[in-house]
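Notes for the one structure printed next.
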Amino acid sequence: MEELRTLLRDAEEAQRQTLQAITEDAGQVARLKEPVLLLLDVLSQSESAEARRETLHVLRRLFAACSTHFYDAQAFLETATDIARPHHVAKRGNVVLKALLACLTSLSSQDEADEGALQSLVDMLRDLCLQSMNAPDVVALFDFLRLGRPPARRWVLQMQKELVEMDTLPRAIFTMRGGNAGLIVPPEQQLFTKRGYSCSFGIQLDASAAVVPLYSFRGQNGQGVSAVL
45 MEELRTLLRD AEEAQRQTLQ AITEDAGQVA RLKEPVLLLL DVLSQSESAE ARRETLHVLR
105 RLFAACSTHF YDAQAFLETA TDIARPHHVA KRGNVVLKAL LACLTSLSSQ DEADEGALQS
165 LVDMLRDLCL QSMNAPDVVA LFDFLRLGRP PARRWVLQMQ KELVEMDTLP RAIFTMRGGN
225 AGLIVPPEQQ LFTKRGYSCS FGIQLDASAA VVPLYSFRGQ NGQGVSAVL
């Protein structure tokens, strides 16, 4: 256990250093996932309840800090070494989501499933899916429903149902400051939506503004744009 505690302290210190580095270089966000992936691997191999409990305790903290950056979907995509063959960016899934599902599979296959740990992992999975999900992630979730074991499979199914029911809620909020502010939505960001749109958004007008705002919308490569006011 002492070796495990040393590893957990090192993981927390690595994330603390990364969070400091992000203040000077936003490109360091991609490193936030590394301690989380490490602890998910450790958790999946833990044999004692005490080891799982201590690992999960630290993992929750690391995941919470990491989750504030899940809006940066590119930083959490699988790399070329994570997948069997190179794919276009839109064909690569979230590596943290993949690791969560792998950990769920591993813990579910144990003789006595730790339901508390499984529920915690499903909660993390839900938090991630609320912020970032593309087509490969959806496929991975349905693969888990097909191949996973109860009770995790039942909880993941319920989570997916709740996500669909919550689809009308905003996934992110952006504040555009200044007279010429703009927002570009990356074309590879596929949202899990019932409406069939690759992207949908609403605009809240500032009633106290001194001038009337003018908004323009455009698509790329011949994509259509629909606006409802």
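Residue numbering for the sequence shown follows this note's numbering, starting at 45 and increasing by one per position.
All residues carry an ideal CB built from backbone N, CA and C; glycine is no exception.
Open item on the list: Rounded to whole angstroms, what is the Cα-Cα separation between glutamine 59 and alanine 74?
Closed with: 11 Å
TODO: Output yes or no for whether 8 Å exceeds the beta carbon distance between phenylalanine 188 and arginine 198.
DONE: no
Task: Contacts around alanine 65, its chain only, beta-carbon distance under 8 Å, and the 5 residues preceding and following it disregarded - done: Gln72, Arg75
Open item on the list: Suppose contacts are defined by Cβ-Cβ distances below 8 Å. Is serine 150 in contact with serine 92 by that definition?
Closed with: no
TODO: Decide if leucine 191 is buried, meaning its Cβ has at least 16 other Cβ atoms within 10 Å, or exposed.
DONE: exposed
- [ ] Find out if the Cβ-Cβ distance for the pair leucine 141, alanine 184 is shorter than 8 Å.
- [x] yes
Task: CB of leucine 83 within 8 Å of CB of leucine 106, strictly - done: yes
Task: DSSP beta-bridge partners of leucine 121 - done: Asn138
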